[in-house]
């Protein structure tokens, strides 16, 4: 049974887990190259991976708990660091004639989706200890919907900022992704 208390818990959990996606979406919007169709795909993938990784973590929690808790933060950091570093390098060499970091490429969106959803996987592992599979399915759906909505809000917010030029946006976006990765490392060890 999915009670009001569990629904509120799922909303709060969804908001917390979606913050990385929200921040990355702002960065994507700052580039001014992502159109609505790609933003919808990005938001869909972010929501799908956040909800799906949470569900996967909760279902497989007892089997993979020690391995994911041990290396999950390093996987997320590595993916975000590589993408962030690439953005920063492209920001340094940006000109109107060169192509910006292409967040509309499906492989880039998939890497970002995986990197930002590692914490959902780990959270799902812990969540299964106190909830049943049916509750986890409902929570997974709530997390996915919240992530989808916040990703679109983040994209539009970044797109509306006009005083930031693309090279600077790429540099800032790269730094933000690296900081998000570092947050995963620091949170693990604190």
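In my numbering, the protein residues as written are 366 to 555.
For each residue, glycine too, the CB sits at the ideal point set by N, CA and C.
- Task: Return the CA-CA distance between residue 392 and residue 399, expressed in angstroms with no decimal places.
- Result: In the chain shown, the residue the question calls residue 392 occupies position 27. In the chain shown, the residue the question calls residue 399 occupies position 34. The straight-line gap from Cα to Cα measures roughly 10 Å.
- Leaving out the 5 sequence neighbours to the left and right, which residues in its chain are closer than 8 Å to residue 552 when beta-carbon positions are compared? For this step, residue 552 is matched to residue 187 along the chain shown. Answer for residue 552: 438, listed in chain order.
- Query: Near residue 474, what residues of its chain come up, given a Cβ to Cβ distance below 6 Å and the 5 sequence neighbours on each side ignored?
  - Reply: By one-based count along the chain shown, residue 474 stands at place 109. Closer than 6 Å at the Cβ level, and outside the excluded window around residue 474, lie 407, 410.
- Task: Measure the CB-CB distance between residue 484 and residue 441 and report whether it falls below 8 Å.
- Result: For the purposes of this step, residue 484 is taken as residue 119 along the chain shown, with counting starting at 1. For the purposes of this step, residue 441 is taken as residue 76 along the chain shown, with counting starting at 1. In contact: residue 484 and residue 441 (Cβ atoms closer than 8 Å).
- N-terminal and C-terminal residue of the alpha helix (DSSP H) that residue 467 is part of: For the purposes of this step, residue 467 is identified with residue 102 of the chain shown, where counting begins at 1. Element bounds for residue 467: n/a, residue is neither H nor E.
- Mapping DSSP to helix, strand and coil, what is residue 525? What you label residue 525 is simply residue 160 of the chain shown in a count that begins at 1. Helix, per DSSP.
- Please classify residue 397: does DSSP put it in a helix, a strand, or coil? The sequence position of residue 397 within the chain shown is 32, counting from 1. If DSSP states are grouped into helix, strand and coil, residue 397 belongs with coil.
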